[in-house]
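Using UniProt numbering, the letters of the sequence shown correspond one by one to residues 1 to 87.
Below: the structure, in structure tokens.
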Amino acid sequence: MFLDFNDIDRDGMLNLDEWRACKAPSELKIAPDLCTSDEFKRLDLDRSGKVSVNELRNLVFQKISWQKDPCASWPPSRQNADQNKSR
Numbered sequence: 001m002f003l004d005f006n007d008i009d010r011d012g013m014l015n016l017d018e019w020r021a022c023k024a025p026s027e028l029k030i031a032p033d034l035c036t037s038d039e040f041k042r043l044d045l046d047r048s049g050k051v052s053v054n055e056l057r058n059l060v061f062q063k064i065s066w067q068k069d070p071c072a073s074w075p076p077s078r079q080n081a082d083q084n085k086s087r
């Protein structure tokens with residue numbers, strides 16, 4: 001979601017310009033120091049000049065998080081339905 005939201009040229013990766021201009025969609029919260037050149041250099045493990053989805057995986061739980069549980073609006077589990085079968 002973060003990558004797709006900021007991938008302006010739609011190549012599936014983020015270049016330095018896209019990275020420095022990054023924003024978070026309303027569903028996500030990002031660390032204030034995320035969109036820096038230093039962070040980009042740290043994440044660009046293969047030194048391609050772009051950050052791929054695989055390189056972003058290292059970051060997801062450290063500096064990107066959900067504003068709220070993305071499953072919160074799902075219907076209740078079927079556990080109650082299973083309990084009712086035994087009656």
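Each residue gets a CB set at the ideal place from its N, CA and C atoms; glycine is no exception.
Owing to the predicted nature of the structure, the values given are computational and were not obtained by experimental measurement.
Just the Cα atoms here: how many angstroms apart are residue i and residue j?
i, j, result
"residue 46", "residue 59", "15 Å"
"residue 48", "residue 14", "11 Å"
"residue 76", "residue 2", "28 Å"
May I ask you to report which of helix, strand or coil DSSP gives residue i?
i, result
"residue 58", "coil"
"residue 23", "coil"
"residue 45", "coil"
"residue 82", "In this prediction, residue 82 has a pLDDT of 49, which is less than 50 and means its spatial position is unreliable; what the coordinates show is noted afterwards. Helix at residue 82."
"residue 16", "helix"
Apart from the five residues on each side of it in sequence, which residues of its chain come closer than 8 Å, Cβ to Cβ, to residue i?
i, result
"residue 11", "50"
Please return the same chain residues whose Cβ sits closer than 7 Å to the Cβ of residue i, not counting the five positions on each side in sequence.
i, result
"residue 74", "none"
"residue 63", "30, 31, 34"
So, at 6 Å on beta carbons, what are the nonlocal neighbours of residue i in its own chain, with the 5 sequence-adjacent residues on each side left out?
i, result
"residue 8", "18"
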